[in-house]
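Asks: If you scroll down you'll find the structure; I have some questions about it.
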Amino acid sequence: MSQTPSRQTLANAIRVLSMDAVQQANSGHPGAPMGMADIAEMLWNDFLSHNPSNPHWVNRDRFVLSNGHGSMLLYSLLHLSGYDLDMEEIRNFRQLHSKTPGHPEYGYAPGVETTTGPLGQGISNAVGMALAEKVLAAQFNKPNFSVIDHYTYAFMGDGCLMEGISHEACSYAGTLGLGKLIAFWDDNGISIDGDVEGWFTDDTPARFEAYGWHVVRGVDGHDADDIKQAIKQAQKETSKPTLICCKTVIGSGAPNKEGTHHVHGAPLGADEIAATRKALGWSAPAFEIPAAVKNGWDANDKGEQAESKWEDLLEAYVAEYPDLADELLRRLSGELSADWEEKSSAFIQAAQDAGETIASRKASLNTLNGFGPLLPEFLGGSADLTGSNLTEWTGCTDVDGSNANGNYLHYGVREFGMSAIQNGIALHGGFIPYGATFLTFSDYARNAVRMAALMKLKNIFVYTHDSIGLGEDGPTHQSVEHVSSLRLIPNLNVWRPCDAVESAVAWKSAIDSENTPSALIFTRQNVQHQERSAKQLAVIAKGGYVLKDCEGEPEVILIGTGSEVELATTAAETLTAEGIKVRVVSMPCTDVFDEQDAEYKESVLPSSVAARVAIEAGSTSLWYKYVGLQGAVIGLDRFGESAPAKELFEYFGITAEKLVAAAKNIL
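The sequence shown begins at 4 in the working numbering and counts up one residue at a time.
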């Protein structure tokens, strides 16, 4: 090979690494990496501003591989351009504990901006990243000081565009005018089942034009000049996101399999790999990249120069706007303000002193009004339910297509898109995102919530109208299984507070949590304030605690959560009056309680007390973990009905009287 490799040779390095790694693993998807190699080579070598020696450089361009099954494309790019991802990791593609899992996972290989694979979510994350860039720039940039100024690029395939979430997120991106979002559509006409003409005949360019995107049609995804001109055209359009429609051949370079679904999700096989090497003129053996090719790809010098230039700009910005610069750097670091702990704790104490009996959704709004001024990094919103979710606090300014200098987003009826966009915002940095809808519609958003948990993001999902307590809207809107379902997601803290005080603690815990997203579950109906000592107030954050107790060891323990805690305290009063020793445990977050040490958990739920009853207006099965098979659970394992809330609780037997009867029956 020559000492100055051609673009084709540089792109072929992606092809051979991808096919060899998939072959070695005997598993994977070589088609997309081989088909998009020419696009990736042009973007990464001529346009992408990044620094392999510092993958966390704040002002880097973001690159998202939404069609994450083609992960070897991204791993090849990271390895070739100089990231800390050596050839041994490429050899170990899809193997246990490698940095190169089957789909890109955030936190494994440096340079992977987000976990992708569930199709459509990567482009939605990219929308969140581009949105974060635009809002952060509006909040901090000054004339001649564009300290936040980068692009977000995304690759996506036909599958991403078939997923409904791409409609939600891309429609919103057009509405917001995210001019620094550039997406490449890998239009190869093939998916797992074969030719997509049988199931995907949308006029995709027209669809995106209808969203308000700038669309570059008819780009030859294997012609360097065509790709280059398309990217330049995209960068010139600053008021709209751009879709670049690239016609490609899946598995390009494999002489007998390219253009077919046989190359989509299976190794090429030894014979076809040999034929591909011959067709590409590639003589190097598997997992060896000639020095000239490595030099042609290495982006370290260029990346360090780009970051150094930005650091000079930042230094001048610090000198000109020191307070603003301090705030920007604080937010980008993820640190909370110096007075956060003191003032947030004081707010919780004030809520305890006030003793309000209000709906926990209203308590949530009160908390936002208390915490919001302490958290300029808040970037909140609601999926067209702001007036019901109560998520727009008094310091909110709307972000829309004409104004990015705000902190509140009207996401429209886009629960899934909203949640994935929140993930992108969290990944970008500089913000703590929260987004709200009714609890029942967490089903729509569930996979994005799961992705937040998988990526260990600080992301806050707010769900109101949490049970049959919402009343007349009926079973379509009444949550039954949803709280338990969310609790099943690993690394997600699900809070269902019983009153205004626990609501404030839930918000504080979610904001303090570094590596675990939170779901905050709030009521429509009023919930009774609970009296607490200072000691009790201090342990709410442990997820479960003794709210009411008796002298000596209790005979029965009542466990409640959310709006049902007041039923537990009422039942306890009745049982106590009859001479029965009762303890009431409030369990606002089972996930956090389970993380406590054995000594604390034993102090709350002593193993010597077998008589236990739990109450929650929802699915019962989870609670047997705490009450045991000899215990009882009062809940709801069927769909609700349309009626006023009070009647429904009576009808379904979720009452203090039923709780008393259950406790006596156990005793």
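Think of the CB as a built atom: it goes at the ideal place given N, C-alpha and C, for glycine as much as any other residue.
Does the Cβ of Lys-281 have 16 or more other Cβ atoms within 10 Å, making it buried, or fewer, making it exposed?
Replies: Against the sequence shown, residue 281 aligns to sequence position 278. Flag for Lys-281 reads exposed.
Asks: With DSSP run on the structure shown, which of helix, strand or coil describes Asp-189?
Replies: Locating residue 189 in the sequence shown gives position 186, where the first residue counts as 1. Residue state, collapsed to three classes: strand.
Asks: Take Glu-653 and list the residues in its own chain whose beta-carbon comes closer than 6 Å to its own, dropping the five residues that flank it on each side.
Replies: Here residue 653 refers to the residue found at position 650 of the sequence shown. If we look at Glu-653 and ignore the five residues flanking it on each side, it has no Cβ neighbours.
Asks: Would you identify the three-state DSSP class for Asp-229, choosing helix, strand or coil?
Replies: On the sequence shown, residue 229 is found 226 positions in, with the first residue counted as 1. Residue state, collapsed to three classes: helix.
Asks: Who does Met-159 pair with in a DSSP beta bridge?
Replies: Residue 159 sits at position 156 when you count from the first residue of the sequence shown. Beta-bridge pairing links Met-159 to Trp-188.
Asks: Flag this pair as yes or no: are the beta carbons of Ala-617 and Val-630 separated by less than 9 Å?
Replies: One-based indexing of the sequence shown puts residue 617 at position 614. One-based indexing of the sequence shown puts residue 630 at position 627. In contact: Ala-617 and Val-630 (Cβ atoms closer than 9 Å).
Asks: Let me know if Met-454 comes out buried or exposed under the rule of 16 or more other beta-carbons within 10 Å of its beta-carbon.
Replies: Translated into the one-based positions of the sequence shown, residue 454 becomes position 451. Looking at its Cβ environment, which holds 16 or more other Cβ atoms inside 10 Å, Met-454 is buried.
Asks: Between the Cα of Lys-239 and the Cα atoms of Gly-224, Leu-181, Cys-249, Thr-251, which residue gives the shortest distance?
Replies: Translated into positions along the sequence shown, residue 239 becomes position 236. Of Gly-224, Leu-181, Cys-249, Thr-251, the residue nearest in Cα terms is Leu-181.
Asks: When the distance is taken between beta carbons, is Ser-622 closer than 9 Å to Val-497?
Replies: On the sequence shown, position 494 is the one that residue 497 refers to. On the sequence shown, position 619 is the one that residue 622 refers to. No; because the gap between Cβ atoms is not below 9 Å, this pair is not in contact.
Asks: For the pair the region 326-339 and the region 82-100, tell me if three or more CB-CB distances fall below 8 Å.
Replies: No, the region 326-339 is not in contact with the region 82-100.
Asks: Would you check if the distance between the CB atom of Ala-257 and the CB atom of Pro-33 is smaller than 9 Å?
Replies: Residue numbering aside, residue 257 sits at position 254 when the sequence shown is read from its first letter. Residue numbering aside, residue 33 sits at position 30 when the sequence shown is read from its first letter. Yes, the pair counts as a contact, with Cβ atoms nearer than the cut-off.
Asks: By DSSP's criteria, Ile-361 is part of a beta bridge. Which residues make up the other side?
Replies: Reading the sequence shown from its first residue, position 358 is the one you call residue 361. Looking at the DSSP assignment, Ile-361 forms a beta bridge with Val-530.
Asks: Below 7 Å CB to CB, which residues in the same chain sit around Met-165 once its five sequence neighbours on both sides are set aside?
Replies: Numbered from its first residue, the sequence shown carries residue 165 at position 162. Around Met-165: Phe-203.
Asks: With burial defined as no fewer than 16 other Cβ atoms inside 10 Å of the residue's Cβ, what is the status of Thr-155: buried or exposed?
Replies: As a first step, residue 155 is located in the sequence shown; it is residue number 152 there, counting from the start. Classification of Thr-155: buried, given that the 10 Å Cβ count is 16 or more.
Asks: Over what stretch of residues does the beta strand (DSSP E) that includes Ser-445 continue unbroken?
Replies: By one-based count along the sequence shown, residue 445 stands at place 442. From DSSP, Ser-445 is part of no beta strand (DSSP E) but of the alpha helix (DSSP H) over 445-458.
Asks: So what does DSSP say about Asp-387, is it helix, strand or coil?
Replies: As a position in the sequence shown, residue 387 is number 384, starting the count at 1. Residue state, collapsed to three classes: coil.
Asks: On the three-state DSSP scale, how would you describe Thr-440?
Replies: In the sequence shown, the residue the question calls residue 440 occupies position 437. DSSP places Thr-440 in strand when its eight states are reduced to three.
Asks: So does the region 385-401 actually touch the region 557-566, counting three or more Cβ pairs closer than 8 Å?
Replies: Flag = no, the region 385-401 and the region 557-566 do not touch.
Asks: Measure the alpha-carbon distance for Gly-254 versus Trp-300 and round it to whole angstroms.
Replies: Against the sequence shown, residue 254 aligns to sequence position 251. Against the sequence shown, residue 300 aligns to sequence position 297. Cα-Cα distance, rounded: 22 Å.
Asks: Starting from Ile-168, trace the alpha helix (DSSP H) in both directions and tell me its first and last residue.
Replies: Sequence index remark: in the sequence shown, residue 168 carries index 165 (1-based). 167-179 is the span of the alpha helix (DSSP H), which, as asked, contains Ile-168.
Asks: Using the DSSP secondary-structure output, state which residues sit across from Gly-145 in a beta bridge.
Replies: For this step, residue 145 is matched to residue 142 along the sequence shown. The question names Gly, but residue 145 in the sequence shown is Lys. DSSP lists Phe-148 as partners of Lys-145.
Asks: Check Gly-299 in the structure and name its three-state DSSP category.
Replies: The residue you call residue 299 lines up with position 296 of the sequence shown. Note: Gly-299 maps to helix in three-state DSSP.
Asks: Please classify Ile-276: is it buried, with 16 or more other beta-carbons within 10 angstroms of its beta-carbon, or exposed?
Replies: Position 273 of the sequence shown, counted from the start, is the residue given in the question as residue 276. It counts as buried.
Asks: As a quick exercise: from Glu-581, Leu-20, Thr-467, pick the residue whose alpha carbon is nearest that of Asp-89.
Replies: Position 86 of the sequence shown, counting from 1, holds the residue named residue 89. Of the listed residues, the one whose Cα sits closest to Asp-89 is Leu-20.
Asks: Whose C-beta lies closer than 7 Å to the C-beta of Phe-642 among residues of the same chain, with five residues either side of it excluded?
Replies: What you label residue 642 is simply residue 639 of the sequence shown in a count that begins at 1. Cβ within range, chain order: Pro-478, Val-483.
Asks: How is Gly-197 classed by DSSP in three states: helix, strand or coil?
Replies: The residue labelled residue 197 in the question sits at position 194 within the sequence shown. It is a strand residue.
Asks: Taking the Cβ atom as the reference point for each residue, do His-413 and Phe-441 lie within a distance shorter than 9 Å?
Replies: Indexing the sequence shown from 1 puts residue 413 at position 410. Indexing the sequence shown from 1 puts residue 441 at position 438. No. Outside cutoff.
Asks: With a CB to CB cut of under 6 Å and the five nearest residues on each side skipped, what residues in its chain are close to Ala-354?
Replies: Position 351 of the sequence shown, counted from the start, is the residue given in the question as residue 354. The residues are Ala-503, Val-504, Ala-507.
Asks: Does Asn-406 pass the burial test, meaning 16 or more other C-beta atoms within 10 Å, or should it be called exposed?
Replies: Numbered from its first residue, the sequence shown carries residue 406 at position 403. Flag for Asn-406 reads exposed.
Asks: Under the DSSP definition of a beta bridge, which residues are partnered with Gly-66?
Replies: Taking the sequence shown and counting its residues from 1, one reaches residue 66 at position 63. The identity of residue 66 in the sequence shown is Phe, whereas the question assumes Gly. Answer is Tyr-156, bridged to Phe-66.
Asks: Tell me, which residues are paired with Gly-549 by DSSP?
Replies: Along the sequence shown, one-based indexing puts residue 549 at 546. It should be noted that the sequence gives Val, not Gly, for residue 549. Val-588, per the DSSP bridge assignment.
Asks: On the CB-based measure, 16 or more other CB atoms within 10 Å of its CB, does Gly-221 come out buried or exposed?
Replies: For the purposes of this step, residue 221 is identified with residue 218 of the sequence shown, where counting begins at 1. Exposed is the call here.
Asks: Just list the residues that DSSP pairs Phe-381 with in beta bridges.
Replies: The residue labelled residue 381 in the question sits at position 378 within the sequence shown. DSSP output for Phe-381 lists Ile-435 as bridge partner(s).
Asks: Would you identify the three-state DSSP class for Lys-102, choosing helix, strand or coil?
Replies: Against the sequence shown, residue 102 aligns to sequence position 99. Three-state DSSP puts Lys-102 in coil, outside helix and strand.
Asks: Checking 9 Å against the spacing of the C-beta atoms, do Val-120 and Gly-110 come in under that value?
Replies: Taking the sequence shown and counting its residues from 1, the one referred to as residue 120 is at position 117. Taking the sequence shown and counting its residues from 1, the one referred to as residue 110 is at position 107. Inspection of the sequence shows that residue 120 is occupied by Gly rather than by Val. Not in contact: Gly-120 and Gly-110 (Cβ atoms no closer than 9 Å).
Asks: Residues in the same chain with beta-carbon distance under 6 Å from Glu-418, minus the five sequence neighbours each way, listed in chain order, please.
Replies: Reading the sequence shown from its first residue, position 415 is the one you call residue 418. Hits under 6 Å: Ala-386, Thr-440, Phe-444, Tyr-447, Ala-448.
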